[in-house]
Structures are given as C-alpha cells and as structure tokens.
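Numbering (our numbering), first residue to last: 53 to 601. Built from N, CA and C at the ideal position, the CB exists for glycine as well. Below: the structure, in structure tokens.
And the structure:
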C-alpha cells in the first residue's frame, strides 16, 4: 500500500485527473470557438501553409488579427497541433490544455523547491488540478493560461537560482516569454518580478553582476519585439480598456460641484472631487470586487459570462473554509514564502482593477495561484487538526466538498453549453456550414456585421486558402483604437442589415439575427425563401438565413 501511495504515483494520478478535466470533450465544451480562438487557429493554419499571417506578414511576433495586435506565441504553439489534427476546435484549444496540465506539475515542483514540503507540493498540485478557475481557462485558447504557466516556470527557476545562479537565465527567458504570449503580461509579470525582488532582495544582491546582466539581456532580447511594438502603438486596445481613457466630462463635474457652490480648481475639488480621487475610488472598488464572495464563490465573472460557468464562482464555495484556514496559517508563519503569497495575491487583481470592467476573470487570473497555495496550507492544517480528534468530521467535510464539486462539474459540463451558447458566438459554424455549399449560387451574400468578427469563422471553417486570402485581406481599422472589421470575403459582404431596405433585394442571400431579420416580417413563403433558421443550444432563435424572392 505504501508503494502505491509514494509521491511519484500520487503525482501521476493527479496529472491524470488534471488531463481528464482539461481534455474531455475539449472540442465541444465550450460549445463554440470565440472570435479570438478562431483567429489564433486560422493564423496558425496560415503560418503552417505559407509562413505568413493572414495579412501576408512573414513569421510575425505580433499578429495584427482584428487590429488588437496579439502577441504571437500561442499561434506558433498551435501550428504543430493544426499540422497533426487539422484546423479544428480541439487543435486550437490543445496548447492551452497542455499548458494547464503542465501548470499542475509545476505547482508540485514549486512546492518542493519553494516550500521544501512534499505534502504542500502534492496538495497544491491536486487543488490546482480540480480548480474551476484554472480548468475554465485551460479549456479554451486563452493566451493568459499559457502566460501563467510560463510565469510559474519563471518563479521555479528564480528560486532555483538562489542555489545555482545559472538558473536565473532560464527564469529571465520564461518571464520574457510571457510578454510574447499575452498583452496583459506587461503588468502581471512585472508584479511577480517586483514581489520576488522585494522578498528575495538579500539573495538577489548576492548574484554576480555578470549573471544579472546576462539574465537581463536574455529577457530584453526575447521581449524586444513586444517592447518595440508598445512604442509603435501596438498596445492591444489599451486605450479602449484602460480606466484612464474615460474621464468624467467637465460639465458633469461642474454640475455636481454646483450643488455645493464649489468650482473646479478649488480646495474641496482637489480634496474630494478631482479626477485623481475619482479614479482612485474606481480602481479600489474594482480591486475589492475581486475578493468578494460574489466573484470568488457564487457568481464568478458576472460581467463576462464567457469567463466562468453559470451560477458558480471562480472557486467552489467550500474552498472558503480552506482559504480562511490557510490565511491564518500563513499569517502565523511570517515566512518569506507566506509574504510572497500575500503580496502576489494583493497585487494580482491590479490589471483588472485598472480596466473599465467591474470584474474580469482573465485579467485577474494570476490570483488563482496564491489562492490555491493558501488553500493548500488550509487543507493540511484542517486535516492535521481534525484527524486527531474525530475522523467522522473529516469524512463529513469531504462529502460536503465532493457535493459542491459535483455541482461545479454539472454547471460546467452540462449547463454551460446551453446556458451560455450565445456568449460563445454559437451559430457561426452552422452559418458557414449552410452557406458554403450554396455560396456560388448567389452574386451577393450579406452577413450581419458585428464584433463577433464573422469573417474569421468563414476563413476557419472553410479552411480558406491562406495565400488566396492574403491577396485580398483588408481590415477597416477602428477610429477609437478598438478592433477593426473586415467587410468582404469573395462574394460575401459583412455589413449592417436594414431589413426594411434589404428585404426587397431579390436574388441575394441574407444572414442575420432575428432582431435584424424579424420573424414576423420574413416568414411569407411567397416573398422569402427560408434557407435555415439556427437556434442557440437553449432553443432560442439565433440566426435566419433568407433569400428574398
């Protein structure tokens, strides 16, 4: 029995569990590719076939995509999967799932190296393997998930560098790779580096100057394309998402000040009503939102349903007991490692707090690691306390935890697809499958334009020749720094649909939702030929494909 329970067998079982939770039905759950996933996949396909991105740029580090300038590592990680498996949903999501599984193993390695504790290593890897937040972002083509795993590699080799300085080179390399993986890593990685620098300052200053200089040079060379892109304006919609892009209108501020007979520029304005005060209050409010029970345990990312399973938090409710217990244990320990966990946890939501959304599970994703580590200390503490007194209590808590976890699995694997299919842009694959066989029958096909970027689904699901598309690729860029839009692909036009005008265009094919093409005004069989009506997985109508007669 002891041989069966040795640490190698246990970590193998944990990795097997992590693999099942991340790979099971990966191509169909979530129910549809998000636009960014389709873009990453098609650009990987384009690189595979031509060595160029969709716009014809040779082997770029930054991909123009929708005008959001995606760092390109995820695209290149996807190329082998597409080469072997074809351009499929599973192939596009596989790199993220693989890096999610790797992260579980890295938690084990960090536990051994960072805490010098085999139990913490095993427990933390197990809790990450089953964590809802981590599972969710491992099951989609999320660059942030790959970035987090690279961050763990950076941390692991940084800690090893304290014993052998040459490992600092690997640490710098992996930290720099995060910048060419995910836009937000510019801040999230900087936070980790600052925290490590503070906690291990006495160790860092003992490094040889040559070692520090070489590590810095490695990091600079790897991340240089991203740093140059930042100064060239390739900032990934920074102006759109930054909270500082939305100051209050002067008239609004003055109207508010008039209530107290105050003026802009007065003492009370600077003390209580200035934009600096307003931004600070907003940032703090959003920061606190990420520590609320609503976000962590009950509802998840309530502003972005695509970021969490329905009616569940980013953790399961019974994790609260583990987190509280772990918090107490770490406060009492006052070790370097506990301070690192606290500082990282406190600063991890900052990228989300500085954006316009009230909560954002992607930009605050780094919270998952310190919270899982805290939970690990809590679980061991409770186990050691309870097992000495009443094993029946331990069994009862285990049953309650299991029931909560089954609730999460039901929410994710059973309900997410039907509940949130609209949020996942469900229907575009079905549109392409319907339109493609009859595309040559029409001179003009008009598809409702939207920020779902319908053109990318035609490229992806038609496996459109990259060389052919590169010759016609044209993005109409946004005037306000948001994503742009493609307006034409062969005889398919992506444009606004005004049914009061378009309903009389005989011989054309129209694709739009039931708001743009109302059912009551498009159902007369003498005037319209209904090619297909596509429903969301909850049976609500999604799109109508219609030909006016």
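Here the alpha carbon of residue 470 sits roughly 47 Å from the alpha carbon of residue 220. Sequence-distant partners of residue 348 (beyond 5 residues in either direction) whose C-beta falls short of 7 Å from its own C-beta, in its chain, are 365, 366 and 367. In the DSSP assignment, residue 571 falls outside any beta strand (DSSP E) and carries neither an H nor an E. As computed with DSSP, residue 400 is found in no beta bridge at all. Among the bridge pairs identified by DSSP, residue 114 is matched with 123. The beta carbons of residue 378 and residue 426 sit closer together than 7 Å. Residue 544 places its beta carbon less than 7 Å from that of residue 497. DSSP places residue 561 in the uninterrupted beta strand (DSSP E) bounded by 561-564. Counting C-beta atoms within 10 angstroms of its own C-beta, residue 480 has 16 or more neighbours from the protein chains shown and is therefore classed as buried. Between residue 197 and residue 424, the C-beta spacing is not below 7 Å. For residue 74, the number of other beta carbons within 10 angstroms of its own is at least 16, and it is reported as buried.
Counted as a single uninterrupted DSSP element, the beta strand (DSSP E) harbouring residue 600 occupies residues 593-600. Going by C-alpha positions, residue 260 is about 49 Å away from residue 82. If you check the CB distance, residue 601 and residue 581 come in under 7 Å.
DSSP, reduced to helix, strand and coil, places residue 535 outside both helices and strands of the structure shown, so it counts as coil.
When C-beta atoms of the stretch 112-130 are compared with those of the stretch 163-176, fewer than three pairs fall below 8 Å, so the two segments do not count as touching. A Cβ-Cβ separation of about 6 Å places residue 402 in contact with residue 243 under the 8 Å criterion.
By a beta-carbon distance limit of 8 Å, residue 87 contacts residue 505. Their separation comes to about 4 Å. Cβ neighbours of residue 103 within its own chain (closer than 7 Å, five residues either side excluded): 110 and 111.
Judged by DSSP secondary structure, residue 544 falls within the beta strand (DSSP E) whose first and last residues are 544-547. By the Cβ-count criterion, residue 306 is exposed, with fewer than 16 other Cβ atoms from all chains shown falling within 10 Å of its own Cβ. Beta-bridge analysis with DSSP links residue 557 to no other residue.
At the C-beta level, residue 263 and residue 235 stay beyond 7 Å of one another.
Contact annotation: residue 343 and residue 456 have beta-carbon atoms that are not nearer than 7 Å. Residue 582 is bridged by DSSP to 598. Bounds of the alpha helix (DSSP H) holding residue 306 are 302-310.
In the DSSP assignment, residue 498 falls within the beta strand (DSSP E) that extends over 497-500. Taken in chain order, the unbroken stretches of alpha helix (DSSP H) that lie wholly in the stretch 230-286 and span 4 residues or more are 237-251, 253-256 and 261-283. Between the alpha carbons of residue 514 and residue 284 lies a distance of about 34 Å. With a minimum length of 4 residues, the unbroken runs of alpha helix (DSSP H) contained wholly in the stretch 306-346 fall at 327-341. Annotated as proximal: residue 438 and residue 445, with beta-carbon spacing under 7 Å. The C-alpha of residue 166 is placed about 18 Å away from the C-alpha of residue 224. Using a C-beta cut-off of 8 Å, the stretch 134-143 makes no contact with the stretch 308-327, since fewer than three inter-stretch Cβ pairs fall below that distance.
CA-CA distance, residue 78 to residue 325, rounds to 50 Å. Annotation for residue 186: the continuous alpha helix (DSSP H) segment containing it runs 184-190.
Note: residue 415 is not bridge-paired with any residue in the DSSP secondary-structure output.
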